[in-house]
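Student: I have a structure I would like to understand better, so I am pasting it below and will then ask my questions one at a time.
Residue numbers (my numbering): 14 to 232.
Structure (structure tokens):
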């Protein structure tokens, strides 16, 4: 069975003539968890939004399964995106949201029994971290070919972090996963490939020493 593959290259992105990204290449593939690291302001979130078509760079080449996207953006069937902020409206009932994503809430309860008997509640009754868990689960369990997770461990209590890590690992067989988070140790534990945004470029790193050499980690 052929694995889904996404490639973006030749990215040139500027803001008011200030170059943010230059000649960037990145690849995602089902069966692989790909991490994108970088310091604040390096261009990580910008690259996510370029892939999604939310912002338009000066240049880019995006391909999914070798099909180029010239004048259209990827659909939700191609990519789903977990942004840094909660994205599902608070007023919606949890059961309604699971139905929209065509997922069974009871399957979610088996993984997270602490959420038992809340399916009729509105999302606004939950804490920010609890909403983060639900949104991450929905994106990873959806039928999209790829998932982009921007700071998935943000607001998550330590007791739930390992469950989220396990969920990400389980989901990679069906979809390519691109993940970014400042909690480097968690990223290192689950990632198969680690790219680093530095000096307006994206580097595929092989060892921890690469992250030190490029200024992301200290010795």
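Using N, Cα and C, we set each Cβ at its ideal position, and we do this for glycine too.
Spatial neighbours of residue 118 within its chain, please: C-beta separation below 8 Å, excluding the five flanking residues on both sides.
Tutor: Residue 118 sits at position 105 when you count from the first residue of the chain shown. Result list for residue 118: 107, 108, 111 and 132, in chain order.
Student: Taking the alpha-carbon positions, what's the residue 196 to residue 166 distance?
Tutor: The count along the chain shown starts at 1 and reaches residue 196 at position 183. The count along the chain shown starts at 1 and reaches residue 166 at position 153. Going from the Cα of residue 196 to the Cα of residue 166 covers about 8 Å.
Student: With H, G and I counted as helix, E and B as strand and the rest as coil, what does DSSP make of residue 116?
Tutor: Residue numbering aside, residue 116 sits at position 103 when the chain shown is read from its first letter. Three-state result, residue 116: coil.
Student: Is the CB-CB distance between residue 39 and residue 191 below 9 Å?
Tutor: As a working note, residue 39 is residue 26 in the chain shown. As a working note, residue 191 is residue 178 in the chain shown. Their beta carbons are under 9 Å apart, which means residue 39 touches residue 191 by this criterion.
Student: Take residue 147 as the anchor and find which of 200, 156 and 169 has the nearest alpha-carbon.
Tutor: By 1-based counting over the chain shown, the position of residue 147 is 134. The option with the nearest alpha carbon to residue 147 is 169.
Student: In terms of residue numbering, what span does the alpha helix (DSSP H) encompassing residue 154 cover?
Tutor: Locating residue 154 in the chain shown gives position 141, where the first residue counts as 1. Taken as a continuous stretch (DSSP letters only), the alpha helix (DSSP H) holding residue 154 covers 141-154.
Student: Hey, could you find the ends of the alpha helix (DSSP H) residue 200 is sitting in?
Tutor: Here residue 200 corresponds to residue number 187 of the chain shown, with the count starting at 1. Unbroken alpha helix (DSSP H) run through residue 200: 197-203.
Student: According to the neighbour-count rule (16 or more other Cβ atoms, all chains shown, within 10 Å of its Cβ), is residue 231 buried or exposed?
Tutor: In the chain shown, the residue the question calls residue 231 occupies position 218. So residue 231 ends up on the exposed side.
Student: Taking the straight line between their C-alpha atoms, what separation do you get for residue 198 and residue 177?
Tutor: Numbered from 1 along the chain shown, position 185 holds the residue referred to as residue 198. Numbered from 1 along the chain shown, position 164 holds the residue referred to as residue 177. Taking the straight line joining both Cα atoms gives about 14 Å.
Student: If we call anything under 9 Å between Cβ atoms a contact, is residue 33 one with residue 59?
Tutor: Locating residue 33 in the chain shown gives position 20, where the first residue counts as 1. Locating residue 59 in the chain shown gives position 46, where the first residue counts as 1. In this structure, residue 59 lies closer than 9 Å to residue 33 by Cβ.
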